[in-house]
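These notes are about the structure you will find just below.
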Amino acid sequence: MLFWILVAILTAAVAAVLLLPLLRRPPAAAGDASHDVEVYRDQLEELKRDEATGLIAPNEAELARAEVARRLIAASKAEAKEKAAPATRSNRLAQAFVIAILPITGLCLYIANGRPDLPAQPLAERLANPGNDVNILIARAEGHLARNPDDGAGWDLLAPIYYRNGRMEDAANAFSQAIRLLGPTQERLDGYAETLIAQANGIVTADARARLEQSLALQADNPRAKYYLALALEQDGRRDEARAAFEAMAKDAPADAPWLPLVNRHIAALADGTETGPGGALGNPTAGDVAAAEEMSAGDRQQMIAGMVDSLAAKLAEDPDNFEGWMRIIRSYVVLDQRPKAEAALQTALKTFPADSENGKQLVALARDLSISTGGGGQ
Numbered sequence: 001m002l003f004w005i006l007v008a009i010l011t012a013a014v015a016a017v018l019l020l021p022l023l024r025r026p027p028a029a030a031g032d033a034s035h036d037v038e039v040y041r042d043q044l045e046e047l048k049r050d051e052a053t054g055l056i057a058p059n060e061a062e063l064a065r066a067e068v069a070r071r072l073i074a075a076s077k078a079e080a081k082e083k084a085a086p087a088t089r090s091n092r093l094a095q096a097f098v099i100a101i102l103p104i105t106g107l108c109l110y111i112a113n114g115r116p117d118l119p120a121q122p123l124a125e126r127l128a129n130p131g132n133d134v135n136i137l138i139a140r141a142e143g144h145l146a147r148n149p150d151d152g153a154g155w156d157l158l159a160p161i162y163y164r165n166g167r168m169e170d171a172a173n174a175f176s177q178a179i180r181l182l183g184p185t186q187e188r189l190d191g192y193a194e195t196l197i198a199q200a201n202g203i204v205t206a207d208a209r210a211r212l213e214q215s216l217a218l219q220a221d222n223p224r225a226k227y228y229l230a231l232a233l234e235q236d237g238r239r240d241e242a243r244a245a246f247e248a249m250a251k252d253a254p255a256d257a258p259w260l261p262l263v264n265r266h267i268a269a270l271a272d273g274t275e276t277g278p279g280g281a282l283g284n285p286t287a288g289d290v291a292a293a294e295e296m297s298a299g300d301r302q303q304m305i306a307g308m309v310d311s312l313a314a315k316l317a318e319d320p321d322n323f324e325g326w327m328r329i330i331r332s333y334v335v336l337d338q339r340p341k342a343e344a345a346l347q348t349a350l351k352t353f354p355a356d357s358e359n360g361k362q363l364v365a366l367a368r369d370l371s372i373s374t375g376g377g378g379q
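Letter by letter, the sequence shown follows residues 1 to 379 of full-length UniProt numbering.
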């Protein structure tokens, strides 16, 4: 009932605003007769002055006064009729439209397309009961952290959620806050390093490398840190050292390790010197690119990343069998906030690597982590 009362009040307010101009008389119609009345009154005053000064004879003044008075009476009657004149036909139609047709039309549209039966759900209530709405969960956590910025557990919870949703800057800040407040752990350091790498479009920067080395010191058998450190060697052009690091990972890896095919792919590429991407093996930038990127401004770095992504996309069009290239470009599009391109790249990659293959499963897992739709191509 309260809703319909508010609707009625708002409708009346809008109708009043629209009716006010229609109720006013047109300025031109109201001004013609009034002007004549003023002119004739001025003429009567002028006759009195001329008669007093002797510029006109008394009998002539009397005749002129009678004529002006006759015209004044006629003009006064015309002015009275104009003031009492009803609105024009078009004006009356406009008023009828505002008063009746407009509210009825709006009501019909709401009944046809609206949901009057839907219960009210204020923002506070939605935040209190978010259900499966990830955006509301994030908003709720952000509100809590705004009031309690030193809640390390909140930052720790929110950081990977930001990462999965492609909000890399927010993820990096959340990981940093969690490490500052709760201390470094292998998961926090790896997550922070991976976020920094994603921000740099796959470049293992010096800051990311430092975090990975710190993580490896906490857990020596950490495959994620080992992989990115080996990748950093490859990006720096230290191919022999990178190959040795990847081979050591493959030697110690369980046979069913999900990351083992990717490591073997690096080993094979480093062994035969395959060049499948811009500036280096498997689509990685050269050591010079890495050094240049670390000294660039954020805007220049973003332009450099976009150029590298475009170059990689062109090479993938020529060689669609480059699995790591597809993994890299999908993540890169998410970092650049180009999700439609990321989804299109995923669909193209799944044509080469079906979802039920080992590489396809990794693509589907990546899509799930980045909240990218598989378009029915995943499991």
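Even for Gly, the Cβ is constructed at its ideal location relative to N, Cα and C.
On a predicted model such as this, the values are computed, not experimentally measured, just so you know.
Ala-208 places its beta carbon less than 8 Å from that of Leu-196.
The residue among Val-68, Lys-226, Asp-236 with its C-alpha nearest the C-alpha of Leu-260 is Lys-226.
Going by DSSP, Ala-141 is part of the alpha helix (DSSP H) stretching over 134-147. Cβ contact annotation for Ala-198 (same chain, cutoff 7 Å, sequence separation greater than five): Met-168, Arg-331, Val-335, in chain order.
Here DSSP, grouped into helix, strand and coil, assigns Thr-374 to coil. For Asp-240, the enclosing alpha helix (DSSP H) has its first and last residue at 239-252. Taking all protein chains shown into account, Pro-160 has 16 or more neighbouring C-beta atoms within 10 Å of its C-beta and is therefore buried.
Burial state of His-266 is buried, judged by a 10 Å Cβ sphere holding 16 or more other Cβ atoms.
Between Arg-239 and Leu-216, the C-beta gap is not smaller than 8 Å, which leaves the two residues out of contact. Assignment of Ser-357 by DSSP, reduced to helix, strand and coil, places it in the coil class. Rounded to whole angstroms, the Cβ separation of Leu-181 and Ala-193 is 18 Å, and the two are not in contact under 8 Å.
Around the beta carbon of Ala-57, a 10 Å sphere encloses fewer than 16 other beta carbons of the protein chains shown; the residue is thus reported as exposed. A residue is called buried when at least 16 other Cβ atoms come within 10 angstroms of its Cβ; Leu-316 meets this threshold and is buried.
Boundaries for Thr-205: no alpha helix (DSSP H) harbours it, and the DSSP string shows neither H nor E there. DSSP, read as helix, strand or coil, puts Ile-267 in helix. In this structure, Arg-65 lies away from Tyr-40, with their beta-carbon atoms at least 8 Å apart.
Rounded to whole angstroms, the separation of the alpha carbons of Ala-242 and Leu-231 is 7 Å.
Distance from the CA atom of Asp-190 to the CA atom of Gly-106, rounded to whole angstroms, is 56 Å.
The beta carbon of Lys-341 sits closer than 6 Å to those of Tyr-333, all from its chain and outside the five residues before and after it, given in chain order. Membership of Asp-156 in the alpha helix (DSSP H) is indicated by the continuous run 152-164. Between Gln-338 and Ala-365, the alpha-carbon positions lie close to 19 Å from each other. Excluding the 5 residues flanking it on each side, Ala-349 has same chain C-beta neighbours closer than 6 Å at Trp-326, Leu-363, in chain order. Each of Glu-38, Gln-347, Ile-101 was checked against the Cα of Ala-74, and the nearest Cα belongs to Glu-38. Restricting attention to Asn-201, Thr-185, Pro-223, the CA atom closest to the CA of Gln-214 is found in Thr-185. Between Leu-157 and the set His-35, Ala-141, Ala-268, Asn-322, the nearest pair of CA atoms involves Ala-141. Taking C-beta atoms under 8 Å as the contact rule, Val-263 and Ala-255 fail to qualify, at a distance of about 13 Å. Following the DSSP letters along the chain, one finds Gly-54 in no alpha helix (DSSP H), marked with neither H nor E.
Val-134 counts as exposed, since fewer than 16 other beta carbons sit within 10 angstroms of its beta carbon.
If you draw a straight line from the Cα of Gln-235 to the Cα of Arg-147, it comes to about 42 Å.
In this structure, the alpha-carbon of Asp-151 lies about 40 Å from that of Phe-323. Secondary structure of Pro-184 (DSSP, three-state): coil.
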